[in-house]
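Numbering (the numbering used here), first residue to last: 54 to 167.
For glycine and all other residues, C-beta sits at the position ideal for the given N, C-alpha and C.
Please read the structure below before turning to the comments.
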């Protein structure tokens with residue numbers, strides 16, 4: 054019991070705030086859109102400190118930019134990867150803002166993994 058999730062494809066999993074958070078952390082516009090179409094509240098707190106999904110987006114976007122700076126490889130490949138990542142992030146941001154998402158007014162710092 055409780056292990057059924059590993060046997061089901063993602064499109065059959067229940068649409069939850071955790072699923073939306075996962076989609077934002079992965080910068081997955083398709084999954085974010087599915088969660089929003091299911092009617093999830095984008096401003097519901099994701100932790101006890103009251104952070105919202107926009108706070109999660111901000112932290113993940115910062116991490117994505119840091120990762121782009123530290124990756125090694127050919128400049129052309131790095132540029133392509135950076136542009137692809139930025140496009141995904143921009144799509145997710147447009148979707149969240151279109152659904153009325155706002156950042157929390159919390160003063161506590163949100164760190165990756167929180």
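Comparing alpha carbon positions, the residue from 80, 72, 76 closest to residue 140 is 80.
Here residue 70 is actually not in contact with residue 111; their C-beta atoms are around 17 Å apart, not less than 8 Å. Between the C-alpha atoms of residue 76 and residue 115 there is a straight-line separation of about 16 Å.
Runs of the alpha helix (DSSP H) lying entirely within the segment 106-133 and spanning at least 4 residues, in chain order: 106-123. In this structure, residue 117 lies near residue 138, with their beta-carbon atoms less than 9 Å apart. In the DSSP annotation of this structure, the continuous segment of the alpha helix (DSSP H) that includes residue 72 starts and ends at 70-78. About 24 Å separates the Cβ atoms of residue 148 and residue 102, ruling out a contact at the 8 Å cut-off.
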